[in-house]
Amino acid sequence: MRNLTLLTDLYQLTMGQGYFTEGKSEQLAAFDVFFRPNKLITYSVAAGLEQAAEYLEDLHFEDEDIAYLRSLGIFREDYLAYLKKLRFTGDVTAVREGEIVFPYEPILTVKAPMIEAQLVETALLTFVNHQTLIASKAAKICAAAGGGVMEFGLRRAQGPDAGIYGARAAIIGGCVGTSNVYAGKLFQVPVSGTMAHSWVMNFPTELEAFRAYAKNFPEGCLLLVDTYDTLKSGVPNAIKVFQELREAGFEPKGIRLDSGDLAYLSKEARKMLDEAGFEKAIICASGDLDENSVRSLKAQGARIDSWGIGTKLITSADMPALGGVYKLAAVFENGVQIPKIKLSNTTEKITNPGLKDVYRIYDGKSGMAIADYITREGEKIDREKPLTIFHPLDVWKKKTLRGFTLRNLRSPLVEKGKRVRESLPLFEIHKYFESEYARFWEEYTRLDMPHIYKVDLSDELHALKKQMVNSFGKGEA
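Residue 49 in the working numbering is what sits at position 44 of the sequence shown, and the numbering runs on without skipping anything.
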């Protein structure tokens with residue numbers, strides 16, 4: 006495992022020295038990771054927390070790290086000596102991987118001595134921002150496809166790590182496998198892939214190329230049929246080879262289309278395969294697809310059974326960054342919490358102060374999600390009484406709930422620097438996401454003009470925020 010302790014921005018280390026010299030290095034602080042609204046965000050799928058926990062457990066400076074920092078000529082020797090002994094000793098409260106999350110909700114909260122909490126900001130945002138982004142994109146693509154999506158993006162990813170951990174996130178979001186062999190080994194998930202056009206072009210004829218491939222891989226043979234002419238050459242030649250395979254005692258898997266009018270070609274190919282007696286042969290499609298093109302193809306009646314999605318998944322092409330932030334929520338003096346707030350001329354950028362709990366409210370009869378509710382940490386909610394929730398900004402928008410159930414979305418991930426949650430297989434994480442996704446009305450998850458899911462503040466948290474905003478406005482802070 007690589008030591009990623011220097012995976013940080015320089016200002017985390019310069020602030021660290023400032024805290025050290027100002028006597029604030031051991032001051033306890035709490036920071037929240039959350040993201041703000043974006044017109045493309047309907048819902049997001051939390052991911053990257055496993056890597057975040059691994060990073061925190063392994064946090065330490067090697068001798069060569071200290072030597073490099075010394076070479077910059079900006080750090081004091083006593084501070085470098087402090088860093089040499091530094092380990093993460095704090096606590097992290099977080100949602101589960103696969104949890105559906107919305108803007109402003111703390112995905113995780115770090116509570117640790119100030120230098121530790123500040124140092125880990127950049128890396129934590131890297132892990133959570135990237136994987137949550139890709140898991141969310143995968144979830145939308147897989148919902149549009151109805152299943153059968155393979156992640157094919159490694160060659161188009163922004164570097165090896167983006168390809169590896171993007172594949173991981175894609176599985177959480179619903180992909181059934183990946184073309185990425187390294188990710189397959191690392192995360193114990195299925196890998197898939199057959200041939201490229203270069204294989205077909207490297208033989209005198211397409212038929213010879215197909216025969217050679219079938220000879221090498223008679224079981225699960227899937228042939229790429231669009232190198233020359235899909236319907237006049239590719240599919241007929243595939244059928245010839247499939248007949249030869251059947252005579253030899255093997256059943257073919259199917260064909261892949263990678264270009265052209267996929268709706269038309271898949272329907273015609275389906276007819277040809279069925280007429281030849283290969284009704285069970287699948288048709289796989291690839292070629293710059295995303296949730297919108299998949300949905301369009303299905304609306305056109307395309308006969309596609311599985312999908313290879315690459316570039317637009319692994320890069321989240323329409324929204325290439327989640328925009329998650331890491332903001333100070335509180336500091337502690339003599340064990341007493343002092344809430345902190347960031348103000349802005351942009352109302353949406355004003356933070357929610359203090360330590361918080363995040364609840365999901367479900368309808369007591371249907372079991373479907375109604376709203377999320379952010380409270381002050383430890384705030385009690387009487388489940389036997391009606392609960393009135395209101396929009397955090399447009400406070401006249403209110404709704405009174407009766408007969409509801411609550412679930413706290415967050416639990417300890419790290420305590421005193423050590424993970425307290427077990428690592429789960431990726432498909433188990435996906436099953437959790439799937440079970441929670443089923444508890445959201447389609448109006449909240451659809452691609453076109455979805456309803457905005459309610460994320461509201463409790464009376465206590467809203468009052469604290471209002472009081473702190475007003476006190477700053479009066480110059481009292």
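Just so it is clear, CB atoms sit at the ideal spot from N, CA and C, and this is done for glycine as well.
7 angstroms Cβ shell around residue i - same chain, five flanking residues per side excluded
| i | result |
| --- | --- |
| residue 398 | 352 |
| residue 5 | The requested residue 5 does not occur in the structure, where the chain is confined to residues 6 to 482. |
| residue 348 | 355, 474, 477 |
| residue 150 | 299, 312 |
| residue 217 | 208 |
| residue 75 | 85 |
Own chain, CB closer than 6 angstroms to residue i, minus 5 neighbours either side, in chain order
| i | result |
| --- | --- |
| residue 228 | 215, 243, 260 |
| residue 482 | Residue confidence is low: residue 482 scores 43 on pLDDT, short of 50, so the model does not pin down where it sits. Its coordinate-derived value is still stated next. Excluding sequence neighbours, residue 482 sits near 476. |
| residue 247 | 257, 283 |
| residue 221 | none |
| residue 462 | 379, 397 |
| residue 418 | 58, 97, 99, 426 |
| residue 404 | 394 |
| residue 34 | 119, 122, 336 |
Counterpart residues of residue i in DSSP-defined beta bridges
| i | result |
| --- | --- |
| residue 118 | 33 |
| residue 97 | 115, 419 |
| residue 108 | Answer is none; residue 108 lacks a bridge partner. |
| residue 376 | 366, 459 |
| residue 280 | DSSP lists no partner for residue 280. |
| residue 413 | 364 |
| residue 320 | The partner list for residue 320 (beta bridge, DSSP) is empty, contrary to what the question assumes. |
| residue 155 | 182, 313 |
| residue 229 | 261 |
| residue 290 | 262, 312 |
Pick from the options that is closest to residue i, judged by C-alpha positions
| i | options | result |
| --- | --- | --- |
| residue 197 | 255, 121, 312, 144 | 312 |
| residue 148 | 169, 177, 230, 161 | 177 |
| residue 293 | 319, 284, 279, 269 | 319 |
| residue 226 | 241, 256, 237 | 256 |
| residue 230 | 223, 207, 200 | 200 |
| residue 379 | 396, 390, 369, 391 | 396 |
| residue 302 | 193, 92, 146, 23 | 146 |
| residue 370 | 251, 408, 417 | 408 |
| residue 115 | 383, 57, 401 | 57 |
| residue 105 | 466, 415, 471 | 415 |
| residue 138 | 306, 50, 101 | 50 |
| residue 428 | 141, 17, 55 | 55 |
| residue 340 | 458, 31, 22, 21 | 31 |
| residue 91 | 124, 69, 80, 276 | 124 |
| residue 143 | 391, 326, 321 | 321 |
| residue 190 | 169, 210, 203 | 169 |
| residue 18 | 128, 357, 433, 195 | 128 |
| residue 325 | 20, 141, 467 | 141 |
| residue 20 | 39, 43, 69, 81 | 81 |
Close Cβ partners of residue i (< 8 angstroms) along its chain, the five nearest in sequence each way excluded
| i | result |
| --- | --- |
| residue 480 | With a pLDDT of 49 at residue 480, under the threshold of 50, the predicted position of this residue should be treated as unreliable, though the coordinate-derived value follows. Cβ neighbours of residue 480 beyond the five flanking positions: none. |
| residue 291 | 157, 261, 262, 263, 312, 313, 314, 315 |
| residue 444 | 367, 372, 373, 374 |
| residue 285 | 256 |
| residue 83 | 25 |
| residue 274 | 230, 235, 236, 240, 260, 262, 288, 308 |
| residue 451 | 47 |
| residue 41 | 108, 109, 328, 330, 353, 354 |
| residue 223 | 250, 253, 255 |
| residue 402 | 395, 396 |
| residue 192 | 172, 173, 176, 431 |
| residue 362 | 379, 380, 381, 382, 383, 384, 413, 415 |
| residue 152 | 179, 181 |
| residue 338 | 32 |
| residue 9 | 60, 63, 128 |
Supposed contact pair residue j and residue i - C-beta distance, whole angstroms, cut 8 angstroms
| i | j | result |
| --- | --- | --- |
| residue 332 | residue 37 | 6 angstroms |
| residue 376 | residue 386 | Going by Cβ atoms, the distance from residue 376 to residue 386 rounds to 13 angstroms, so no, they are not a contact pair. |
| residue 11 | residue 323 | Actually they are not in contact, since the Cβ atoms of residue 11 and residue 323 sit about 33 angstroms apart, beyond 8 angstroms. |
| residue 473 | residue 344 | 7 angstroms |
| residue 235 | residue 212 | So it is not a contact: roughly 14 angstroms between Cβ atoms. |
| residue 88 | residue 71 | 7 angstroms |
| residue 364 | residue 411 | 5 angstroms |
| residue 136 | residue 53 | 3 angstroms |
| residue 154 | residue 180 | 5 angstroms |
| residue 381 | residue 267 | The pair is not a contact, with the Cβ atoms about 52 angstroms apart (cut-off 8 angstroms). |
| residue 103 | residue 457 | Not really, about 22 angstroms apart at Cβ, beyond 8 angstroms. |
Residue i: CB within 7 angstroms of a non-hydrogen atom of the ligand NAP
| i | result |
| --- | --- |
| residue 83 | Of the ligands one can find in the structure shown there are none, so the ligand NAP has no counterpart to examine. |
Item to complete: For the stretch 96-103 and the stretch 410-424, state whether three or more C-beta atom pairs, one from each stretch, are separated by less than 8 angstroms.
Response: Here the stretch 96-103 makes contact with the stretch 410-424; the two share three or more CB pairs at distances below 8 angstroms.
Discussion item. So, does the stretch 115-133 touch the stretch 269-289, judging by three or more C-beta pairs under 8 angstroms?
Written reply: No, the stretch 115-133 does not touch the stretch 269-289.
Practice prompt. Decide yes or no for the touch test of the stretch 61-70 against the stretch 430-445: beta carbon pairs closer than 8 angstroms, at least 3 of them.
Written response: Touching, no.
Worksheet item: Should the stretch 113-120 be regarded as contacting the stretch 150-166, the criterion being three or more beta carbon pairs within less than 8 angstroms?
Response: These segments do not touch.
Practice prompt. Report yes or no: do three or more beta-carbon pairs, one from the stretch 176-195 and one from the stretch 325-339, lie closer than 8 angstroms?
Written response: Pairwise C-beta distances place the stretch 176-195 out of contact with the stretch 325-339, as fewer than three of them are shorter than 8 angstroms.
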